[in-house]
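Have a look at the structure below before the remarks.
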Amino acid sequence: MTKSQGGSTDTASSLDGERSERRLRPEPNVPEAVEEEKCSYALPPPRLSSCLSLLLHAELSRWKLLKLLFTFFGLSNKAERHFAISSVVKENQTMTTSTEDVQLGIFEIDPSLEKFKDHFSYRTKKYVETESMIKKYEGSLEAFAQGYLKFGFNREQDSIVYREWAPAAHVKIHRNIEKEHVFDFLVGLNHNLDGIRGCIVAHDPFLLKKPSRKSARKKLVARLCLLMREAQVIGDFNGWDGSNHKMERNEFGIWTIRIPDSGGIPSIPHNSRIKFRFKHGNGVWVDRIPAWIRFATLDPTRFAAPYDGVYWDPPPSERYVFKHPRPPKPAAPRIYEAHVGMSGPEPRVSTYREFADNALPRIRANNYNMVQLMAIMEHSYYGSFGYHVTNFFAVSSRSGTPEDLKYLIDKAHGLGIRVLMDVVHSHASNNVTDGLNGFDVGQSTQESYFHTGERGYHKLWDSRLFNYANWEVLRFLLSNLRWWLDEFRFDGFRFDGVTSMLYHHHGINMAFTGNYSEYFSEATDVDAVVYMMLANRLVHKVLPDATIVAEDVSGMPALCLPVYEGGVGFDYRLAMAIPDKWIDYLKNKIDIKWSMKDIAWSLTNRRYTEKCIAYAESHDQLDYIDSYPSSEAIVGDKTISFLLMDKEMYSGMSNLKPASPLIDRGISLHKMIHFITMALGGEGYLNFMGNEFGHPEWIDFPREGNGWSYDKCRRQWNLVDTDHLRYKVIVFERGDLVFVFNFHPENTYSGYKVGCDLPGKYRVALDSDAPEFGGHGQLVMPLHVGHDVDHFTTPEGIPGVPETNFNNRPNSFQILSPARTCTVYYKVDETAEQPGEETAITETTVSGILDQSEAYETTEILLGEETTEIATLALDDSKIDETAELSSDNRPTEDSLDQAPLEDRSGEIRD
């Protein structure tokens, strides 16, 4: 578009699509002539005078004319009231029904929460009232969360319409408009000053204090000046000169411009740079990336180049079309956590398409049913791991375009893999030139995305904190969630930094003990809790089968209970204490000192009815930049495999030579730690990219301190692809599977008895010591039992009398349990087994059985002072002589073990 074509600021037309906003503002019967003139208070003086003249000559009564003028200039008290509604959900409104009783299902689940009934009542009523206000003024929660159809750049008829909420854009009256002239013009409407003053007082109560001629004149001029603000849209399309593309502001601080097509072609070309320009408080123009921008890029040839917003509207021929439906929601999520940029073997940033073509097949081959993508939202600092977001609606351009990301998600769906997004709504980057923080120019919190003062900054993360009570912030964040669901077909979210959102102290210097008063007090940020309740409600309305995971280290009760029961509404929480336990053991305890009771307690210590995602290590393990206890296994610390084997991984991982004891121990424990975490730790499992095969070292993003190297910011898939590289007892049942974990560093137990519920015969389903998993194959060695041997059960005690059974199980069978090995046994379906045929079982079958089992149906947790029983699992801290000698067949002799006979200790966990 040339400068002469300019852009229209048609208020009436630009509001056609703003149904919700029209309900919030007074709608005077504007004369037809005024609509044709396209009047605006942001226009130059001649145009302003012309508009006012048209109003003057319209056949209106004195009072209607004055009311219209006040509405025209945004002086109506009605508009002021609605602005309060649209800008902030006021706290006093939420207490209007505080005396009413609230009945919540959470108190039946956990009666001890009754003590905090007032807290739950308050936050529930605030949630209900906020959602009611959204329905009243926006139609529905789902419609409210479609703000991306109104804000940002959108096609409407034959034009591009751009809207931006920026109420703090500088107040400055046009220099050619004298304040006295404006007031005198109003006085010259042939009405006496007393009548004007009376109208002002009637519509603007703040003038009641001094209803004098001088006060009325001063206040009216001040209010008029407040509306003389300036903003433009600039970009490649107009040579970065916005003088012909000025925007218009309404009483809600929303700026609008309609830019007609030129010759049937959009005036702003697809993939061209664009920015929002407004006048700062000191009179200086500043340029910002639009808050709702859908793509942002930088000049890769310039070091530390600033980002530019990009108008993204590809033609139909370039727009990606999804081919595959969303896979069904699995009963038990097995999540593969991945960072696209560091997913390749080369020391560079990998792309979305490379990840789709190279990494997704590996993920599918390992039977994961979900992939969780990190660092998708645009972030200017690569080393932030994607957690300092600058552009919330934009795909990170380092790895490709929005269409490339759609290709990745569609390919995952075609492989039967659901895709979760690591969403960051707990804070935002403090960058000014390319981030949302650039819209904060010192205004009040009601006119900002963030809190003001100290409350608006996270002192450890060096980032900005959202004002979750602000109406437009709610619209922005809720719309952000729906944008990723609708436009890119994500299947759910992992909410980052939930602990920081839940509390005003953000978890800083807090050691949560589990005392309920730590969760429900004045320290709780109820506004943030209400936002998360709305977010979970919205996501499950838009996509009922969505999966939503909370990253919370505090353990707040009811976080993963439905909103209608009084919970916050997440589906799962990350079991963040489990990886901390493993790191503590690996760093601080020798093998013989590992407590089976302590390990089992950590793996099963979770709240009833609240589901958990267990993991042994991820991209971060309780490390929030020093705000929580640090046991970081990826960012700045070693992976579990590297903690186990350290530098010997570089030289001792080839099976072309005998493995050293350190490598043997490392490989065995690495498999066992991850497997028992998956089997016992929760209702779902998560693994970070590469840790499934024991990726060495750590992650270190390019930075000045490492010479901007990518060497530690990649995944070395060659380690798992190379053929010659090899990478005490807990027993429990889950479904009809029996799991046996022998953590003892040396002792192999023969004839070890384990309890089970179902009678029949059992066979090995999975053996971590099998040769195909880099093990020694002790179960299939000569004179040993083998994988195809039937293990027949024996009745134990009196049926129905648990105290006479073996570990509270009516049946048992005996097994061989090699040292540092985990073995899974499945019950053979004898009715389906044909004579002469063997029943085959694969890893996929094991995964399927785990999918069908519900932990709280199959794992009964009974806690005692000295004994912990977990289904068939019994914890017995029997003493083992650390100097015990082993018999020639590697079994402990009776003299060397201070414990009961084998038949009396089946199913026990022993330290």
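The numbering used here puts the first residue of the sequence shown at 413, with every later residue one more than the last. Virtual Cβ for every residue (Gly too), placed ideally from N, Cα, C.
Residue i versus residue j: straight-line alpha-carbon distance, rounded
i        : j        : result
Thr-542  : Arg-887  : 12 angstroms
Gly-979  : Asn-683  : 43 angstroms
Ser-1030 : Leu-1098 : 8 angstroms
Phe-902  : Glu-1208 : 50 angstroms
Gly-1094 : Pro-991  : 13 angstroms
Leu-817  : Asn-770  : 14 angstroms
Met-968  : Thr-668  : 43 angstroms
Tyr-723  : Phe-707  : 7 angstroms
Gly-1078 : Ala-989  : 22 angstroms
Tyr-861  : Glu-1158 : 59 angstroms
Leu-877  : Met-913  : 9 angstroms
Ala-366  : Phe-932  : What the structure shows of the chain is the stretch from 413 to 1323, and residue 366 is not part of that stretch, so it cannot be assessed.
Pro-1171 : Tyr-1238 : 12 angstroms
Unbroken alpha helix (DSSP H) run spanning residue i, endpoints
i        : result
Phe-1144 : Counting along the chain, Phe-1144 falls outside any alpha helix (DSSP H), though it belongs to the beta strand (DSSP E) covering 1141-1146.
Tyr-574  : Careful: Tyr-574 lies outside any alpha helix (DSSP H), inside the beta strand (DSSP E) at 571-577.
Gly-1198 : Neither: Gly-1198 is in no alpha helix (DSSP H) and is coded neither H nor E.
Trp-896  : 883-900
Ser-776  : Note that residue 776 is Arg in the sequence shown here, rather than Ser. Counting along the chain, the alpha helix (DSSP H) containing Arg-776 begins and ends at 772-777.
Val-910  : 910-914
Met-754  : Met-754 -> no alpha helix (DSSP H), and no H or E assigned at all.
Asp-556  : Per the sequence presented here, residue 556 reads as Phe, with Asp not at that position. Residues 553-556.
DSSP bridge partner residues for residue i (one or two, in chain order)
i        : result
Gln-784  : Glu-749, Leu-832
Ile-1075 : Ile-1075 is not bridged to any residue.
Thr-1233 : Asn-1154
Pro-1176 : With the sequence shown as reference, residue 1176 is identified as Val, and Pro is not the correct amino acid for it. Answer by DSSP bridge pairing, in chain order: Tyr-1237.
Val-807  : Phe-707, Met-789
Gln-1226 : Lys-1165
Ala-1025 : Per the sequence presented here, residue 1025 reads as Ile, with Ala not at that position. DSSP, once it has assigned bridges, lists Leu-986, Gly-1096 as partnering Ile-1025.
Asp-653  : Per DSSP, none; premise fails for Asp-653.
Pro-1211 : Per DSSP, none; premise fails for Pro-1211.
His-409  : No answer is possible for residue 409: the residues shown for the chain start at 413 and end at 1323.
Pro-758  : Here residue 758 turns out to be Glu, not Pro, going by the sequence shown. For Glu-758, which the question treats as bridged, DSSP gives no partner whatsoever.
Nearest-angstrom beta carbon gap, residue j and residue i [assumed within contact, 8 angstroms]
i        : j        : result
Thr-1021 : Ile-521  : 6 angstroms
Thr-959  : Asp-983  : 6 angstroms
Val-836  : Tyr-869  : Actually they do not touch by this definition, with Cβ atoms about 16 angstroms apart.
Lys-993  : Ser-1014 : 4 angstroms
Asp-898  : Pro-718  : Not a contact, Cβ separation roughly 30 angstroms.
Gly-854  : Arg-700  : Their Cβ separation, rounded to whole angstroms, is 15 angstroms, which puts Gly-854 and Arg-700 out of contact at 8 angstroms.
Phe-804  : Met-786  : Actually they are not in contact, since the Cβ atoms of Phe-804 and Met-786 sit about 15 angstroms apart, beyond 8 angstroms.
Thr-1327 : Phe-1218 : This structure leaves residue 1327 out entirely; the chain is present only between 413 and 1323.
His-736  : Gly-826  : 4 angstroms
Boundaries of the beta strand (DSSP E) in which residue i is found, first to last residue
i       : result
Asp-992 : Per DSSP, Asp-992 belongs to no beta strand (DSSP E); it is in the alpha helix (DSSP H), 989-1000.
Thr-668 : 666-672
Val-961 : 959-962
Gly-904 : 904-907
Ile-646 : 643-647
Asp-699 : 697-700
Reduced DSSP category for residue i - H, G, I as helix; E, B as strand; rest coil
i        : result
Lys-687  : strand
Tyr-1164 : strand
Met-1101 : coil
Asn-566  : strand
His-839  : coil
Trp-1006 : coil
Pro-956  : coil
Arg-1018 : coil
His-531  : helix
Leu-973  : coil
Pro-726  : coil
Tyr-719  : coil
Arg-876  : strand
Phe-797  : coil
Lys-1069 : coil
Arg-1221 : strand
Phe-932  : coil
Phe-1204 : strand
Arg-949  : helix
Near the ligand GTP: residue i beta-carbon under 7 angstroms from a heavy atom
i       : result
Ser-533 : As presented, the structure is devoid of all ligands, the ligand GTP included, so that no description of it is given.
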